[in-house]
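Q: Attaching a single structure in structure tokens format; questions to follow.
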């Protein structure tokens, strides 16, 4: 269970006096606790899918914040966000390489029967479900857009 893993990692970070790691882990634990106590949560425990979604959301927040800090030339804040992102990514499944992502998306496109850019929504729904946690949604969308504009599938 993710919560137990995070608790153990928090204890290790406290012993090592690793402030960045501790901040990132406490943030994840806070989001888990909020999700468990949210209205409509079933029995308090999160499903593995909900845990994965929560981690992906936290990672996306760090990526977005780092990009904003980079645009504003705030390198110290960007470095902090990227460090926290690396810690969060330790708990996520391995991301697909570009070649693997393209291969999987081509199979999905063929299976769904997509023929062009107008089918992006249909393919994106299936791809997002099947590749959840293995690739960022924006990355999937970008690659899909390129593949669907290339009609030589």
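Numbering (the numbering used here), first residue to last: 204 to 356.
For glycine and all other residues, C-beta sits at the position ideal for the given N, C-alpha and C.
For a quick check, are the C-beta atoms of residue 257 and residue 309 less than 8 angstroms apart?
A: No, the pair does not count as a contact, with Cβ atoms beyond the cut-off.
Q: Could I get the ranges of all uninterrupted beta strand (DSSP E) runs contained in the region 254-278, with 3 residues as the minimum, in chain order?
A: As far as the region 254-278 is concerned, it has no whole beta strand (DSSP E) run of at least 3 residues.
Q: With a Cβ-Cβ cutoff of 8 angstroms, do residue 286 and residue 223 count as a contact?
A: Their beta carbons are under 8 angstroms apart, which means residue 286 touches residue 223 by this criterion.
Q: Using three-state DSSP, classify residue 250 as helix, strand or coil.
A: Correct three-state label for residue 250: coil.
Q: If I'm right that residue 259 touches residue 336 with Cβ under 8 angstroms, what's the distance once you round it to whole angstroms?
A: Contact holds; Cβ gap of about 6 angstroms.
Q: For residue 272, collect the residues of the same chain with a Cβ closer than 6 angstroms to its Cβ; drop the 5 residues on either side in sequence, then sort them by chain order.
A: 280, 281.
Q: For residue 323, I'd like the list of residues in its chain whose CB is within less than 7 angstroms of its CB, leaving aside the five on either flank, ordered along the chain.
A: Excluding residues within five positions, the ones whose Cβ falls inside 7 angstroms are 347, 348, 351.
Q: Below 8 angstroms on the Cβ atoms is my guess for residue 338 versus residue 299; work out the distance and round it to an integer in Å.
A: That belief holds up - the Cβ atoms of residue 338 and residue 299 are roughly 5 angstroms apart, short of 8 angstroms.
Q: Have a look at residue 302 and residue 294 and give me their C-alpha separation to the nearest angstrom.
A: C-alpha separation (whole angstroms): 23 angstroms.
Q: Hey, could you find the ends of the alpha helix (DSSP H) residue 182 is sitting in?
A: Any answer about residue 182 is impossible in this case: the structure gives the chain only from 204 up to 356.
Q: Could you check if residue 237 is buried or exposed, using at least 16 other CB atoms within 10 Å of its CB as the buried criterion?
A: The residue in question, residue 237, is exposed, as its Cβ has fewer than 16 Cβ neighbours within 10 Å.
Q: Rounded to the nearest angstrom, what separates residue 321 and residue 208 at their Cα positions?
A: Computed Cα separation, rounded: 43 angstroms.
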